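Each number in the numbering used here corresponds to the 1-based position in the sequence shown with 67 added. Here a beta-carbon is modelled for each residue, glycine too, at the ideal position from N, C-alpha and C. Because the structure is a prediction, the values reported are computed rather than measured.
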Amino acid sequence: MNPRRIRFLIRKEFLQLRRDPTLIRIALMMPIVQLILMGYVVAADVTSLPTAVVDLDRTTVSRRLAADLGSSGYFDITRRPGAESDLRALFDGNVVKVAVVIPEGTTAALTRGEQPSIGVIVDGTDNVSASVGPGYALQAIARFNSDRAAAMGLDLSAAPGLDARIRVQFNPTLSTVNTMIPALIAALMLISMGVIMSQAVVKERESGTLEQLFVTPIRPAEYVVGKVTPYVVLASAQAAVVALLGMVWFRVPFNGSVLVVAAGLALFMLVSVGTGLLVSLVSRTRAQAQQTVLFVMLPSMILSGFIFPVASMPVPFQVVSRFIPLTHILVVLRGAFVKDSGFGDLAMSFAWLAGFAVLIFGAAVAATHRRIAE
């Protein structure tokens, strides 16, 4: 090996890197973004679970129990419905993850020396919240019993207390695969379409075929339709294969409507294709496009609730998650597969997806039109 030739090759590579400052900036920013996300999201404890309290007893004791739950730090009481029947809509709309039902006559039962039951209902579509939520509720109720016994001057074993009864809604076995497979449909679509579409235009630019297309009678709208259609078909086939394998091979139950799933995936497909196309348009090389896609995909996978519950993230990251399309398609798919949620229950998620589809895909089409017209 000749050290002089190696030195020249090293110098050449650094010069090439210097000619592509965007690639350098992305490469330097990516570890910083990863560090922030891993430090604040992955390492965060599951706290502030959105909770509904159905207080049918309406006494000082029941209000104090609700206050203790809210002050524990594990539950964020966001809804106080008047009846247990109102909880289904809150769970279907992904408004709450936990519900506590305090039956009528709870205080009277305690006064008689009985041990009344308190219902704790958790959403089984979020395995992390469903796993830790009951434990948090048991701790809070045990602390309530202990404080009440101490206030009465009685030993805990001799004082009547509340008995927590846990019920898992929608996914009683807490099977991870039942919620992971629906989420994988969207995640794989985002990754594959983002990677493939990000190479679509930049590859033609590098090979010189894009300039050749500019001198043909092909119109911008025709180019966009011809470019996007094969990938839309590919994405549809991919989603169908993953869904069928999940239901047949992994026995994932499907309780909802095919129309709801199809409508949600159609909107998300436009978002995924549009995102990849935009990356391809703004990138000068395929390496730059690959780095940009990774830079976009990483926050989407971590902040969307695909792996970690959004409710356990710091508030700023929860706000950011609302502006990530993957967050809302996960709500649609998990709701449709596991909960049998309909369009009305998922109206807010569909509204977000429709807005993203119009904004991102529309911007991609406009940018492509402008590039061809130039």
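For Ser129, the closest of Asn212, Val163 and Arg155 by C-alpha to C-alpha distance is Asn212.
Our two residues, Val338 and Arg210, have alpha carbons roughly 48 Å apart in a direct line. Around the beta-carbon of Leu205, fewer than 16 other beta-carbon atoms lie within 10 Å, marking it exposed. The Cβ-Cβ distance between Gly323 and Ala431 does not fall below 8 Å.
Secondary structure note for Val187: its beta strand (DSSP E) is the uninterrupted segment Ser184 to Asp190. It is roughly 48 Å from the alpha-carbon of Glu171 to the alpha-carbon of Leu257. Residue Leu348 holds the alpha-carbon nearest to the alpha-carbon of Ser265 among Leu393, Leu348 and Gly180. Closest in C-alpha terms to Asn161, from the list Pro117, Arg353 and Ile185, comes Pro117.
With the rule of 3 Cβ pairs closer than 8 Å, the stretch 226-234 counts as touching the stretch 178-192. Spatial neighbours of Pro148 in its own chain (CB-CB distance under 8 Å, excluding positions within 5 residues in sequence) are listed in chain order as Ala119, Val121, Leu154 and Leu157.
Asp412 sits in coil when the DSSP states are folded into three classes, being neither helix nor strand.
Excluding sequence positions up to five before and after Phe237, its CB lies within less than 6 Å of the CB of Gly191, Thr192, Val405 and Lys406, all in the same chain and listed in chain order. Membership of Leu123 in any alpha helix (DSSP H) is not indicated, and neither H nor E is assigned to it by DSSP. As for any alpha helix (DSSP H) of minimum length 4 sitting wholly inside the stretch 307-381, the runs are 325-349 and 353-370, ordered along the chain. Counting along the chain, the unbroken alpha helix (DSSP H) around Ile396 starts and ends at Pro392 to Arg401.
When Pro376, Val292 and Ile427 are compared, the shortest CA-CA separation from Leu397 is found for Pro376. The beta carbons of Val189 and Val244 sit about 18 Å from each other, so the pair does not count as a contact at 8 Å.
Check the Cα spacing between Leu301 and each of Met260, Leu311 and Val291: the tightest is with Met260.
Taking the C-beta atoms as reference points, Leu136 is found no nearer than 8 Å to Val113.
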